[in-house]
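Residue numbers (the numbering used here), protein chains in the order written: chain A, 1 to 109; chain B, 1 to 362; chain C, 1 to 361.
Ideal Cβ placement from N, Cα and C applies to all residues, glycine included.
Since the model is a prediction, treat every value here as computed from it, not as a measurement.
See below for the structure under consideration.
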C-alpha cells in the first residue's frame with residue numbers, strides 16, 4: 001500500500017506511521033493507538049480498527065484471532081457533559097487534591 | 001424505570017425478538033437510536049429472496065412495515081431517539097435521550113445492535129464522494145438524494161449488485177464494478193445477469209489503486225493485471241463487508257470468539273442465543289453477519305429463550321421451537337453460503353472456549 | 001536473542017523505560033527490559049500525566065517531586081519532544097476549611113523552598129477565568145505542568161534502544177532464581193541470566209516480589225478519567241482534576257476506587273466526574289465526552305515511593321511508586337547512580353523497602 005495512505009481519518013494517521021510502530025513491537029490495536037493516536041478521535045476506532053488489524057496481520061503474520069479487539073469504552077457514543085450530569089448528584093468517589101492533605105494539630109503532617 | 005426485557009436496537013432481529021417476548025405477556029422495552037423502527041430494512045427496495053418459510057417474499061421496506069405493525073399491536077414500550085450510553089455498577093442500563101441520562105433496570109437484555117460497514121483504505125479514500133455502499137443506498141432510498149451522477153462500485157457481493165441496480169434505476173450511471181477476486185462474489189445469478197443487461201461492466205482481478213480530486217473525488221485508477229485504467233466520476237461506493245457492532249457486549253463483559261465468515265469478532269453464544277452472561281441474549285447481525293431472513297429467525301430464537309428464562313414458556317416448548325428454528329437457519333444459511341453456516345456451527349460449539357475474555361482485567 | 005545481560009529490568013512502563021534509558025546513557029552495557037505486555041499497556045498509558053508537585057505531603061516528598069519536575073526541560077533536550085509544558089498548577093477550593101489547609105500547606109512548603117501561593121477568589125478567577133465563579137480560592141504553584149505520557153514512554157524506549165537496550169515484550173516473567181553472583185530469570189519466551197535485576201513492575205510489584213519471596217507492599221487504586229472532544233485551547237493551567245492536552249482534549253477525573261486489577265469504567269463514576277467537571281469549569285457543560293478510561297495506579301502502602309536495593313539480596317533492586325510520570329526522570333537517574341556507583345546524589349534512604357515491617361513473605 002502507498003505509505004502516505006490515511007488509515008485513521010479522525011486523527012489523520014498514515015499507513016507509514018502504523019508500520020513504524022509495528023516495527024518496534026506493537027502487536028495489538030491498542031499498542032498502535034497509544035503510540036500514534038490512531039483511533040483516539042471522535043469515532044473511537046470504529047472505522048480504523050479493522051484496517052489496523054489487517055496491517056498487523058500483513059506485517060507480522062499474526063492470525064486475526066490473535067489480534068484482539070480494541071478496548072471499547074463508555075460512553076458508547078459521544079455525549080455532552082451537561083447531559084451526563086443529569087440524575088446524578090453525588091461526589092462520593094471523586095476527590096479533590098486538598099482532601100489528601102491532612103492536618104495534625106493545625107499543621108501539615 | 002424497570003422492565004422485564006430490554007431490547008437494544010429496532011432492526012429486523014430486535015423487532016422479531018420484541019414480538020416473541022411481548023406476545024407472551026412480558027413487559028418489553030426497545031431502545032432505538034434512530035427515530036424509526038426497521039433498521040436497514042427501511043432502505044431495501046429489492047424483494048428479499050431468502051426469508052424464513054413462514055414469511056411471504058417481500059420487499060425490505062414492506063417487511064419493516066409489517067414488523068412495525070406487529071410490534072405496535074403489542075404493549076412494547078418503544079424508546080425511539082434514545083441510545084444506550086453505558087452501564088451502572090448495579091447492572092442498570094444508562095439510557096439517554098440527549099437531554100437526560102436515566103437508569104433502566106432490565107431482568108434480561110437482548111442486544112441486537114447490528115453490523116457496521118468496514119472501510120477499505122487506498123490513497124485519498126477520505127475524499128468526499130467516496131462512501132460505503134450502504135451509505136449510497138441510504139441516500140438514494142431513504143433520503144431520496146442521488147449520491148452523484150457517475151459512480152463506480154468497489155465489490156461484487158449480492159448486496160453490491162442490489163445497490164448497482166437501484167442506483168442505475170435511480171438515474172446514476174454506474175460506470176463499473178470492481179472485484180479483486182477472480183470471480184464475481186454474488187451468488188444470485190439472476191441479479192448478476194440483470195447487472196450485465198444494464199450494460200454495467202464488471203472487472204474481476206482488479207482493485208482500486210488510488211482516487212484523485214480537489215475537494216471531491218474526480219477520478220480513480222483501477223489496476224487490472226498491472227494495467228491502469230483511469231475512470232472519471234463523482235461517486236465511489238465501497239463494499240468492504242460488514243462486522244458486528246460490539247460496544248454493548250464489550251461493556252457487558254461478554255466473551256468473544258473469531259469467525260471470519262461471520263464478520264470477524266462476535267460475542268460467544270450458545271444455541272439459545274444467550275451470551276456467557278446469563279441475563280444477556282443477542283440476535284441479528286450482532287450474532288454474525290448474515291441474510292435478512294436469518295436475522296429474523298435469530299430474533300425469534302433469542303425472544304423465545306429470553307421468555308423461557310423468565311418463566312413465560314416452558315423449557316420443553318422453548319427447546320422444540322428453538323430446534324425447529326435452527327433448521328430454518330440451516331436451510332437459509334446453507335443456501336446463502338455454506339461457509340457462513342459452518343462458521344456459525346463452529347462458533348456455537350466453541351461456547352465454552354472463548355478467545356477474548358476478561359477484557360477489563362489488567 | 002541474547003540470554004546473558006549485565007542488567008535486566010522487569011517492567012517497561014514509565015519507570016522501567018526511564019531507568020533503562022538513564023542507565024544506558026551512563027554505560028552501554030547489555031541491558032534487557034522485559035514486559036509482560038507492551039509498554040503503555042498498563043498504568044503509564046492511562047493517566048492524565050500531570051507533572052505535579054504541589055499539594056503533595058509530607059513536604060520532603062514534595063521536594064523529591066520538585067527535583068524531578070525540574071529535570072523535564074533537560075530531559076526533552078536529550079530524548080526529544082515529550083510535549084512537556086510547565087503550565088503552572090492550580091488547585092481550586094470551595095470552602096473555608098480547605099483554605100485553612102491550603103495556608104498550612106504553603107507554610108510547610110516555604111520551609112523547604114517550594115513556593116505555593118494561596119489565591120483569593122478574585123486572583124484565582126483572574127488567572128483562570130473559566131473557573132466556577134463560586135470558587136473560594138485556589139493554591140497555585142508555578143512548577144507544575146503536564147506531559148504527553150505516550151510520547152514520554154515512547155521517547156524513553158526509543159532513546160534506550162538507541163543506546164543498545166533490548167526490549168522483549170509480551171513476555172511475562174514466571175520465575176526468578178538467585179545464584180551466588182547472578183539471577184536466572186525465566187520468562188514465557190526463554191531464560192535469561194543477569195548480574196543486576198531491577199523490579200519495576202508498577203501495579204504488579206507485589207506479584208513480582210513473590211517470585212523472590214519479598215513482600216513489596218504496592219496496592220491498586222483505580223482512577224476513571226473522561227476525555228472530551230478537542231476544544232479550542234482555553235485552560236491556562238493544569239488544574240487538579242482537569243487539564244487540556246496539546247490537541248485540545250480536556251482530561252477530567254480525580255477518582256479513587258479499590259477494585260484490584262479491574263479496569264472497567266462505570267456510568268456511576270462517569271456521571272460523578274461530569275458533575276465535578278461542571279463544578280470546576282461550568283463551561284465544560286457543552287463539551288462532548290468521547291471516551292472514559294480507567295487506569296490502575298500503583299499505590300505503595302504508605303503512599304510513598306519504594307526505591308533502592310533490597311536488603312539481603314545482593315544486586316536486586318526495586319522501583320515502585322505512585323506519580324511515576326512526575327518522578328520518572330529523577331528515579332531513572334538515581335537508580336542508575338545506585339547501580340553504577342552504589343550511591344545516589346539525592347538521598348533515597350527514606351524510600352527504602354526496609355521501612356516496612358514484613359519484608360520477607
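- The beta-carbon of residue 118 (chain B) is placed less than 7 Å from the nearest beta-carbon of chain A.
- Secondary structure within the region 133-191 of chain B: the alpha helix (DSSP H) runs of 4 or more consecutive residues, fully enclosed, are 133-141 and 158-170 (chain order).
- Pairing residue 60 (chain C) with residue 289 (chain C), the inter-Cα distance amounts to about 38 Å.
- Residue B:163 holds the alpha-carbon nearest to the alpha-carbon of residue 47 (chain B) among B:276, B:86 and B:163.
- Below the 8 Å Cβ cutoff, chain C contributes no neighbours of residue 39 (chain B), its closest Cβ being approximately 25 Å away.
- At a cut-off of 7 Å between C-beta atoms, residue 40 (chain A) does not count as an interface residue with respect to chain B.
- Here DSSP, grouped into helix, strand and coil, assigns residue 190 (chain C) to strand.
- Judged by beta-carbon spacing, residue 110 (chain B) lies beyond the 7 Å limit of residue 104 (chain B), meaning their Cβ atoms are not closer than that value.
- Going by C-alpha positions, residue 27 (chain A) is about 28 Å away from residue 259 (chain C).
- Positions of the beta strand (DSSP E) runs, each at least 3 residues long and wholly inside the region 134-222 of chain C, are given as 137-141, 166-168, 173-179, 182-187 and 190-199 in order along the chain.
- Rounded to the nearest whole angstrom, the CA to CA distance from residue 66 (chain A) to residue 119 (chain B) is 21 Å.
- The beta carbon of residue 293 (chain C) does not come within 7 Å of any beta carbon belonging to chain B, so the residue lies off that interface.
- Here the C-alpha atom of residue 278 (chain C) lies approximately 15 Å from the C-alpha atom of residue 125 (chain C).
- Judged by DSSP secondary structure, residue 280 (chain C) falls within the alpha helix (DSSP H) whose first and last residues are 267-280.
- The beta carbons of residue 216 (chain B) and residue 147 (chain B) sit about 12 Å from each other, so the pair does not count as a contact at 8 Å.
- By the rule that beta-carbons nearer than 7 Å mark a contact, residue 99 (chain C) does not touch chain B.
- The secondary-structure analysis by DSSP pairs residue 203 (chain B) across a beta bridge with B:178.
- Per DSSP, the unbroken beta strand (DSSP E) holding residue 120 (chain C) starts and ends at 117-120.
- Remark: C-beta atoms of residue 267 (chain C) and residue 225 (chain C) do not approach each other more closely than 7 Å.
- Taking 7 Å as the cut-off, the beta carbon of residue 97 (chain A) is found no closer than this to the beta carbon of residue 57 (chain C).
- In the DSSP assignment, residue 299 (chain C) falls within the beta strand (DSSP E) that extends over 288-300.
- Between residue 78 (chain A) and chain B, the shortest Cβ-Cβ separation is not below 7 Å.
- Residue 85 (chain C) is bridged by DSSP to C:146.
- Listed in chain order, the non-local C-beta contacts of residue 273 (chain C) below 7 Å within the same chain comprise 224, 226, 252, 253 and 255, local neighbours out to five positions each way being set aside.
- Rounded to whole angstroms, the separation of the alpha carbons of residue 261 (chain B) and residue 156 (chain B) is 16 Å.
- Annotation: residue 86 (chain B) to residue 253 (chain B) spans about 12 Å, alpha carbon to alpha carbon.
- Assignment of residue 10 (chain A) by DSSP, reduced to helix, strand and coil, places it in the coil class.
- Note on geometry: alpha-carbon atoms of residue 140 (chain B) and residue 176 (chain B) lie some 18 Å from one another.
- Looking only at B:45, B:108, B:28 and B:113, the smallest Cα-Cα distance to residue 34 (chain B) is reached by B:113.
- Residue-level contact by beta carbon fails for residue 144 (chain C) and chain A, as no gap is shorter than 7 Å.
- Close partners of residue 62 (chain A) in chain B (Cβ separation under 9 Å) are lacking, with about 12 Å as the shortest Cβ gap.
- In this structure, the CA atom of residue 133 (chain C) is about 9 Å from the CA atom of residue 281 (chain C).
- Taking the Cβ atoms as the reference, residue 356 (chain B) lies roughly 6 Å from residue 68 (chain A), within the contact range of under 8 Å.
- Residue pairing of residue 262 (chain C) in beta bridges, as defined by DSSP: B:361.
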